[in-house]
Amino acid sequence: MSSASPPPGGGKVNWELWILRAVGVGVALYIVPRWVHFLSFLVSNSRRPSREEQQLVLRSLSILEDHARSKEASITHQITLEELGGIDEQDTAAGVEPVSGAREMPMAPFWTSGSSALSSAEVELYGRQLILPQLGVAGQVRLKESSVLVVGAGGLGSPVCLYLAAAGIGRLGIMDGDAVAMTNLHRQVIHNAARCGTNKAISAKQTCQHLNKQIRIDAHDTPLTPSVAERVVPQYDVLVDCTDNPAARYLLNDAAVLFNKPVVCGSALRWEGQLWVYNYRSGPCYRCLHPQPPHRLDQSGPEGLFNALSPGGGACDMEGVIGTAPGTIGVMQAMEVLKVCGGLGDHSIGASNRMVMYDGLDAEGPFRSIRLRTKRPTCAVCGDHPSISSLQDSPDDYIDMCPADLLPPLPPSAHVKPSQLASHLHRHPPSEANLSAPPRVPPILQDDNTYQQQVGGGDGGLGAVSVVDVRPSAHYAVSHVRHSLNLPIDQILSQSKEELLARLRGPRGNNRGAPPSPVSYVVVCRRGNDSRLAVSKLRDLFQEEADDDQGGGGEGGEGREEKGCTFLNLQGGLEAVRRNVEPTEAMPLV
Amino acid sequence: MRIRVLLFAGAKEAMRAGAVDVEVNASSADNTVSVAELMDSLRQTHPPLAKVLPNSLLAVNQEYAEDDVRIKEGDEVALIPPISGG
Chain A
7 MSSASPPPGG GKVNWELWIL RAVGVGVALY IVPRWVHFLS FLVSNSRRPS
57 REEQQLVLRS LSILEDHARS KEASITHQIT LEELGGIDEQ DTAAGVEPVS
107 GAREMPMAPF WTSGSSALSS AEVELYGRQL ILPQLGVAGQ VRLKESSVLV
157 VGAGGLGSPV CLYLAAAGIG RLGIMDGDAV AMTNLHRQVI HNAARCGTNK
207 AISAKQTCQH LNKQIRIDAH DTPLTPSVAE RVVPQYDVLV DCTDNPAARY
257 LLNDAAVLFN KPVVCGSALR WEGQLWVYNY RSGPCYRCLH PQPPHRLDQS
307 GPEGLFNALS PGGGACDMEG VIGTAPGTIG VMQAMEVLKV CGGLGDHSIG
357 ASNRMVMYDG LDAEGPFRSI RLRTKRPTCA VCGDHPSISS LQDSPDDYID
407 MCPADLLPPL PPSAHVKPSQ LASHLHRHPP SEANLSAPPR VPPILQDDNT
457 YQQQVGGGDG GLGAVSVVDV RPSAHYAVSH VRHSLNLPID QILSQSKEEL
507 LARLRGPRGN NRGAPPSPVS YVVVCRRGND SRLAVSKLRD LFQEEADDDQ
557 GGGGEGGEGR EEKGCTFLNL QGGLEAVRRN VEPTEAMPLV
Chain B
677 MRIRVLLFAG AKEAMRAGAV DVEVNASSAD NTVSVAELMD SLRQTHPPLA
727 KVLPNSLLAV NQEYAEDDVR IKEGDEVALI PPISGG
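Just so you know, the protein sequences line up as chains A and B, in that order. When the letters of the first sequence are read in order and numbered with my numbering, they come out as residues 7 to 596. When the letters of the second sequence are read in order and numbered with my numbering, they come out as residues 677 to 762.
1. Note the first and the last residue of the continuous alpha helix (DSSP H) segment covering F265 of chain A.
2. Could you check if P417 of chain A is buried or exposed, using at least 16 other CB atoms within 10 Å of its CB as the buried criterion?
3. I want to know whether the stretch 529-536 of chain A touches the stretch 469-484 of chain A - three or more CB-CB distances under 8 angstroms.
4. Please list, in chain order, the residues of the stretch 703-736 of chain B that have any C-beta partner in chain A closer than 7 angstroms.
5. Judging by CA-CA distance, which residue of A:G366, A:R377, A:E342 and A:L344 is the nearest neighbour of S358 of chain A?
6. Give every residue of the same chain whose Cβ lies closer than 7 angstroms to the Cβ of V327 of chain A, excluding the five residues on either side of it in the sequence, and list them in chain order.
7. Kindly confirm or deny that the stretch 339-354 of chain A and the stretch 713-733 of chain B touch, where touching means at least three C-beta pairs closer than 8 angstroms.
8. Of all Cβ atoms in chain A, is any one closer than 8 angstroms to the Cβ of A695 of chain B?
9. State the Cα-Cα distance for the pair A698 of chain B and P299 of chain A, rounded to the nearest angstrom.
10. What is the DSSP secondary structure of I756 of chain B, reduced to helix, strand or coil?
11. If contact is defined by three or more beta carbon pairs under 8 angstroms, each pair taking one atom from either stretch, is the stretch 133-141 of chain A in contact with the stretch 177-190 of chain A?
12. Give a yes or no on whether the minimum CB-CB distance between S523 of chain A and chain B is below 8 angstroms.
13. Within 10 angstroms of the Cβ of M324 of chain A, are there 16 or more other Cβ atoms? Answer buried if so, exposed if not.
14. On the three-state DSSP scale, how would you describe M407 of chain A?
15. Within the same chain, show all residues whose beta-carbon is closer than 6 angstroms to that of E742 of chain B, passing over the 5 residues directly before and after it, in chain order.
16. Closest Cβ-Cβ distance between R379 of chain A and chain B: below 8 angstroms?
17. Would you identify the three-state DSSP class for E342 of chain A, choosing helix, strand or coil?
18. For I137 of chain A, does the three-state DSSP call read helix, strand or coil?
19. Say whether chain A places a C-beta atom closer than 8 angstroms to the C-beta of E750 of chain B.
20. Look up K219 of chain A in the DSSP assignment and say whether it is helix, strand or coil.
21. For a contact meaning CB atoms closer than 7 angstroms, what does E739 of chain B contact in chain A?
22. Nearest-angstrom Cα distance between S354 of chain A and V283 of chain A?
23. Mind checking the stretch 243-259 of chain A against chain B and listing, in chain order, the residues whose C-beta falls within less than 7 angstroms of any C-beta there?
24. Leaving out the 5 sequence neighbours to the left and right, which residues in its chain are closer than 6 angstroms to Q556 of chain A when beta-carbon positions are compared?
25. Output needed for V728 of chain B: all residues of its chain with C-beta closer than 7 angstroms, excluding positions within five of it in sequence on either side, in chain order.
26. Exposed or buried, which one is D403 of chain A when buried takes at least 16 other CB atoms within 10 Å?
27. If you measure from the beta carbon of L295 of chain A to each beta carbon in chain B, is any gap under 8 angstroms?
28. Under 8 angstroms between C-beta atoms, does A410 of chain A make it to chain B?
29. Kindly indicate if chain A contains any beta-carbon less than 8 angstroms away from that of I747 of chain B.
30. The beta strand (DSSP E) spanning K748 of chain B covers which residue range?
31. From what residue to what residue does the alpha helix (DSSP H) around S495 of chain A run?
32. At a Cβ cut of 8 angstroms, what residues of the stretch 259-275 of chain A count as close to chain B, listed as they run along the chain?
33. DSSP three-state label for M181 of chain A, please.
34. Which residues bound the beta strand (DSSP E) around R719 of chain B?
35. I'd like the list of long-range same chain contacts for V263 of chain A, defined as Cβ closer than 7 angstroms, with 5 residues on each side in sequence excluded.
36. At 3 residues or longer, what runs of the beta strand (DSSP E) sit wholly inside the stretch 151-212 of chain A?
Put into C-alpha cells, the structure is as follows:
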C-alpha cells in the first residue's frame, strides 16, 4: 500500500477515505479469486451427469421401489397362502419364503367365465389345456377338486410334482424324508444347489408353489412308515409311487389296497424305466405281480442274501441312473394322474392293465408295453383270503433291508473306525515309494498294485494295511484310495477261494518262500454294508484257518499262508471317511 | 426247441446282453413248452439269471404269462424283473 501524497490544491488530507479505499482493495484482492474459483466450480458441476451416474441413481430408485413393493406383496401373499394352507410354520422355519403374485382380478362387468368354479386367474393359467375338448372346463374342475399324494420327491417325483402343480391338481401332497444332496441334482431337477441339506418335500413344495400359487401343497417331511401311511394316505384320492426301494413300494401298495386308492407307479434305473397303474378298476396290485418282497426270497449265506436283496441291482447310487430315465417315466406318471383325475380314466394305461417299459438305449424303439395279469386270487393283500388286513401285519416287508442287516454281526475287533483309517491315510499317504518290500510281507500281499503300508505300533493299531475296495468297478474308476485293490462285492461272493486268493495276491504274488507277518486288509465300500458282507465271507474262507493254530488238518499250505492276515470292515464306509476330510470336496465320492 | 428270450432291467444287466437263446425239450404232442419249463431251463443254462428269476415277470407275445402258459416256436418271450429305483 503506497503512502498517499497530499492532493494538489487541497490542504486537508482525508485519511479516513484513504484507509477505507486501502481496506476495500485488500478485501477485493482476497475475495475475488475465491469467488472466481467458486463460480468455476459451479460451472464445472452444472454439466449433464455421466451414464454411470445416471444408472446408479436409477438403480437406487428401483431398489427402493422393489423393496416397497415386496413389503406390500409379502403381506398380501402371506394371507392368501395361509388361506390356501400353502405355507406353514414348518416351512417358514425351513426358510421357505412366501410366493409372489396372488392377486385376484375381478372380471369386467360385461364378461363372464364358462364356469363359476374357475377363477379368472385359473382360466388364464390353464387356458391352453382347458381348450382341449377331452378335458374342457369340466375336466379342469375335476383336477381342481382332486387330491394327489406323491411319495418320493426324487428323480421320478421331480417331474411328477412340477407337472401336477402346473396342471392345477387342487391339493398336492409331497412326501419325502431325505434331504437334498449334490449327487441328486443331475436327475432331481425340482431342487437346486442352494437347497442342499433342505428336506426334499419342503424344497419340492417351494418350487411348485412358485410355479402355481392357486393350489394347495402340503409337504410331508417324513419317510413313509406304516403309521405315517395310515395317517396320510386316507387324505388323498390318488397315490403316485415315486419311491426308490422295494420296502416302500410294498408298504405303499398295502396302504393303497387297504384304503382303496389307485396308484400310478413308476420306477427307473440306469437307462430304463417302468410305468403302470395298479389297484385301479378292479385290476391287480403290486403284490399280484411280485408276491414276494426281495428279503423273503431264497437267501442262504452272504451270497444268497446279496442275490435276494440286490436282484440285478438295487438303487441309483449303486447302479447309476441317467437323469432323463426317471425324468421320462415321471412325466408319463403325471400324464396318467391327469387322466385318472380329469375324467379320462378310459384312456389310462390302467384301464387296459398294461405296463409300459422304457429303454433309453434301445435304438429300435425305446417304448414297449405288455398286458398284465388280472388280480391274483391268492394275493396276500388283495386276494380272496388276504393275510394282510392292517399295516401292522407284515412289518418286515416295510423295512428297507440291505444284505448286511440280515447277517450275524461281526465281532467288534473286525471293524475299523473311519476316523482311524482317515488318520492312518493322512499320516501315511499311499505312494509308490512306500509300497512294501517283499521280506516284510506275506505272499498273499505280493502285489505291485496293492497298497501295503508298513507301519509300526502307535498307529491306532492298524499296522500294515492293504485297502480292498468292494464297490463296482465303475465306481472305483471314478475315484478311490490310492493303490487300493478293487475287488467288487459280486465277485467276492461268486468266486472260489482259489480265485479270490489269486486276486488278493495280485499278478506277481507268487513268492511263496516269504515269511508271513501280520497284515490287515481293510475292506471298504461306500456305506459299509457291502464291505461287511465281504468281510463276512473272507473271514469264513481265510481267517478261521488263520486263527486256528492247528492249521485246520486237511487243508494244505494255501490256508497256512494267510496265517496272521485279518479282514477288517470299514464302518460307515468311505462316506464316513470323507466326513473326516477337510474340505469334504477334496474327496469326491460316487 | 430254441427260444429267444428278450431281457430287461436286472436280467439284461446280469447277462450283459439284451437277449439269450435257450434250448428246451418241447413236448412231443404240440411242440410247445410251458413257462415253468422255460424258467427251469433258464435257471440251469444261464446261472447269472437265477437271482432275478424268482421275482420276474415272463411275457409271451406282450402278455403276462402264468407258469402253465404254453410257448411255441416263434413266440416273443420277454423276461422282466421289477425296477425299484426312482
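We put the beta carbon where it would ideally sit given N, CA and C, even for glycine. Here the structure is a predicted model, which is why all the values come from computation and not from measurement.
The relevant details are as follows:
1. F265 of chain A -> alpha helix (DSSP H) spans P252 to F265.
2. P417 of chain A is exposed by the Cβ-count criterion.
3. Yes, since at least three Cβ pairs between the stretch 529-536 of chain A and the stretch 469-484 of chain A fall closer than 8 angstroms, the two stretches touch.
4. Residues K727, V728, P730, N731, L733 and A735.
5. Its Cα nearest to that of S358 of chain A, the residue A:R377 stands out among A:G366, A:R377, A:E342 and A:L344.
6. Closer than 7 angstroms at the Cβ level, and outside the excluded window around V327 of chain A, lie G161, R193, A274, L275 and R276.
7. Flag = no, the stretch 339-354 of chain A and the stretch 713-733 of chain B do not touch.
8. Cβ-Cβ to chain A under 8 angstroms: no for A695 of chain B.
9. According to the sequence displayed, residue 698 of chain B carries Val and not Ala. Their Cα atoms are separated by approximately 28 angstroms.
10. Residue state, collapsed to three classes: strand.
11. Taking one beta carbon from each stretch, the stretch 177-190 of chain A and the stretch 133-141 of chain A have fewer than 3 pairs nearer than 8 angstroms; the two do not touch.
12. Here the model assigns S523 of chain A a pLDDT of 42, short of 50, so the residue's position is not dependable and the matter cannot be decided.
13. Burial call: buried.
14. In the three-state scheme derived from DSSP, where H, G and I count as helix and E and B as strand, M407 of chain A is classed as coil.
15. In the same chain as E742 of chain B, and ignoring 5 residues on each side of it, no C-beta atom comes closer than 6 angstroms to its own.
16. Judged by the 8 angstroms Cβ criterion, R379 of chain A is in contact with chain B.
17. Three-state DSSP puts E342 of chain A in a helix.
18. Coil, per DSSP.
19. The identity of residue 750 of chain B in the sequence shown is Gly, whereas the question assumes Glu. G750 of chain B is outside the set of residues whose beta carbon lies under 8 angstroms from a beta carbon in chain A.
20. Three-state result, K219 of chain A: coil.
21. Here the neighbours are I376 and R377.
22. Rounded to whole angstroms, S354 of chain A and V283 of chain A show a C-alpha spacing of 8 angstroms.
23. Those would be C248, T249, D250, N251, P252 and R255, in chain order.
24. Confidence at Q556 of chain A is low in this model, with a pLDDT of 41, below 50, so the placement of that residue should be treated as unreliable; the coordinate-derived value is given next. Excluding sequence neighbours, Q556 of chain A sits near nothing in its chain.
25. Answer for V728 of chain B: G686, A687, A690 and P757, listed in chain order.
26. Per the 10 Å Cβ criterion, buried.
27. By this cut-off, L295 of chain A is an interface position.
28. Not a single CB atom of chain B sits nearer than 8 angstroms to the CB of A410 of chain A.
29. I747 of chain B does not count as touching chain A.
30. Where K748 of chain B is concerned, the enclosing beta strand (DSSP E) stretches over R746 to K748.
31. The residue you asked about is not Ser; residue 495 of chain A is Ile in the sequence shown. Per DSSP, I495 of chain A belongs to the alpha helix (DSSP H) from I495 to S500.
32. Taking 8 angstroms as the Cβ-Cβ cut-off against chain B, the residues of the stretch 259-275 of chain A that qualify are G272, S273, A274 and L275.
33. Three-state DSSP puts M181 of chain A in a strand.
34. Element bounds for R719 of chain B: not the beta strand (DSSP E) but the alpha helix (DSSP H), V711 to T721.
35. Hits under 7 angstroms: N285, C291, V387 and C388.
36. Those beta strand (DSSP E) runs which fall completely within the stretch 151-212 of chain A and span 3+ residues are 153-157 and 177-181.
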